[in-house]
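Going by numbering that gives the first Met the number 0, the residue at position 128 of the first sequence is 127; the numbering climbs one at a time, nothing skipped. C-beta: ideal position from N, C-alpha, C; glycine also. It should be emphasised that the depicted structure is a prediction, and the values quoted were computed from it without experimental measurement. Accompanying notes for the structure given below.
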Amino acid sequence: MRIATWNVNSMKARLDRVEEWLAQVAPEVCCFQETKLADAAFPSERFSKLGYEVAHHGDGRWNGVAIASRVGLEDVVRGFAVPGGPDEAAERRLISASCGGVRVMSVYVPNGRSVGSEHFQAKLAFLHDLRLHLDTSCDPGEAVMVCGDFNVAPQDIDVFDPAFFVGATHVTPEERAALAEVLGFGLVDVLRACYPDTPRLFTWWDYRAGDFHSGRGMRIDLALATRVLADKVSFVLIDRNARKGKLPSDHAPIVVDFAYSP
DNA sequence: ATGGTAGCCCTGCTA
Numbered sequence: 000m001r002i003a004t005w006n007v008n009s010m011k012a013r014l015d016r017v018e019e020w021l022a023q024v025a026p027e028v029c030c031f032q033e034t035k036l037a038d039a040a041f042p043s044e045r046f047s048k049l050g051y052e053v054a055h056h057g058d059g060r061w062n063g064v065a066i067a068s069r070v071g072l073e074d075v076v077r078g079f080a081v082p083g084g085p086d087e088a089a090e091r092r093l094i095s096a097s098c099g100g101v102r103v104m105s106v107y108v109p110n111g112r113s114v115g116s117e118h119f120q121a122k123l124a125f126l127h128d129l130r131l132h133l134d135t136s137c138d139p140g141e142a143v144m145v146c147g148d149f150n151v152a153p154q155d156i157d158v159f160d161p162a163f164f165v166g167a168t169h170v171t172p173e174e175r176a177a178l179a180e181v182l183g184f185g186l187v188d189v190l191r192a193c194y195p196d197t198p199r200l201f202t203w204w205d206y207r208a209g210d211f212h213s214g215r216g217m218r219i220d221l222a223l224a225t226r227v228l229a230d231k232v233s234f235v236l237i238d239r240n241a242r243k244g245k246l247p248s249d250h251a252p253i254v255v256d257f258a259y260s261p
């Protein structure tokens, strides 16, 4: 079973490339972030032609997340399943569904904008609430996969130059602690588990100043799996080719294969 | 080269 995740930075702008990529890579399940579409505008028929059902959660301006699956798509939950939790409806940053026996979540964590800002506090709160969502709706002993753009680089090895990021978001102890809280549910960062000491495993490069071509990136997109799944990972890849060529997203997809059949 | 890109349609804001 192949599960992928990709921040596409507008599904409308990226649709041709996404179709081409899905046809080539053929994941059973793919999580998308930053679709920037309203639910009614999502091009479901284009995905149907490729054999995918899609559940989407977006309002059309920013954010927007989706799960595409060709191994079933059941028990869709939009936003947080946290009783009394925050009203996430206006943000559209989380969607959950069961696909081929795996509880899959597509997540787009807030950027945070600047350290200490109200947006930064909201980012920390979002990660805290994601843990509550997991605690409320899942069992760490079951097959759960949380994929998406976390807007946190877990370690210094995950940025091109730690000195460049001093004072910046994505690398602070607070953000890393909040991410660790999510992982503490019982999740494994499957890419880092496969390549514990490999630098430059980046998933995002700023469009500006040729950052992709000069290798100035960060690893902020993650594929997290519960142990029962993580133990069955047979292959994991950041598809840098998808960051090249005409009209790329600023993020590369992550592809994970499991020795696991739906 | 002390700037630069991309996407949205709130042409300023977000990333």
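The beta-carbon separation of Arg-242 and Phe-211, rounded to 6 Å, stays under the 8 Å limit for a contact. Beta-bridge pairing by DSSP links Cys-146 to Ser-105, Ala-222. A distance of 8 Å or more separates the beta carbons of Arg-91 and Glu-27. Annotated three-state conformation of Phe-119 is helix, per DSSP.
Collapsing the DSSP output to three states places Thr-135 in a helix. Comparing alpha carbon positions, the residue from Met-0, Ala-65, Phe-163 closest to Gly-100 is Met-0.
For the 8 Å CB-CB criterion, Ala-229 and Val-187 form a contact. Taking each of Tyr-51, Gly-71, Tyr-107, Gly-50 in turn and checking the Cα distance to Arg-77, the smallest one comes out for Tyr-107. Using a Cβ distance threshold of 8 Å, Leu-126 and Ala-54 do not count as a contacting pair.
Per DSSP, reduced to three states, the secondary structure at His-212 is coil, with no helix or strand assignment. When the alpha-carbon of Asp-205 is set against those of Pro-198, Thr-197, Gly-216, Pro-195, the nearest one is in Gly-216. Boundaries of the alpha helix (DSSP H) harbouring Leu-190: 189-193, taken from the DSSP string.
Two segments are said to touch when three or more pairs of C-beta atoms, one from each, lie closer than 8 Å; by this definition the region 137-149 touches the region 219-237. Under the three-state reduction of DSSP, Ala-258 is assigned to coil, being neither helix nor strand. Across the structure, Tyr-259 and Lys-231 are spaced so that their CA atoms are roughly 7 Å apart. Of the residues assessed, Tyr-194 falls on the exposed side of the cut-off, its CB having fewer than 16 other CB atoms within 10 angstroms. Its Cα nearest to that of Gly-59, the residue Glu-33 stands out among Gly-185, Asn-6, Asp-249, Glu-33. For the set Ala-167, Ala-25, Met-10, the Cα lying nearest the Cα of Val-254 is the one of Ala-25. If you compare the alpha carbons of Pro-261, Ser-213, Thr-202 with that of Asn-6, the shortest gap goes to Thr-202.
Distance from the Cα of Leu-131 is smallest, within the candidate group Ser-116, Leu-93, Ala-142, Ser-97, for Leu-93.
The C-alpha of Arg-45 lies about 29 Å from the C-alpha of Ala-142. Residue range 10-24 is occupied by the alpha helix (DSSP H) that includes Trp-20. The beta carbon of Gly-57 is closer than 8 Å to those of Thr-34, Lys-35, Leu-36, Ala-37, Asp-38, Phe-41, Gly-63, Val-64, Ala-65, Arg-91 in its chain, skipping five residues each way along the sequence. By the criterion of a C-beta distance shorter than 8 Å, Val-227 is surrounded in its chain by Gly-140, Glu-141, Ala-142, once the five residues flanking it on both sides are discounted. Nearest in C-alpha terms to Ala-12, of all of Asp-238, Lys-245, Glu-73, Ala-3, is Lys-245.
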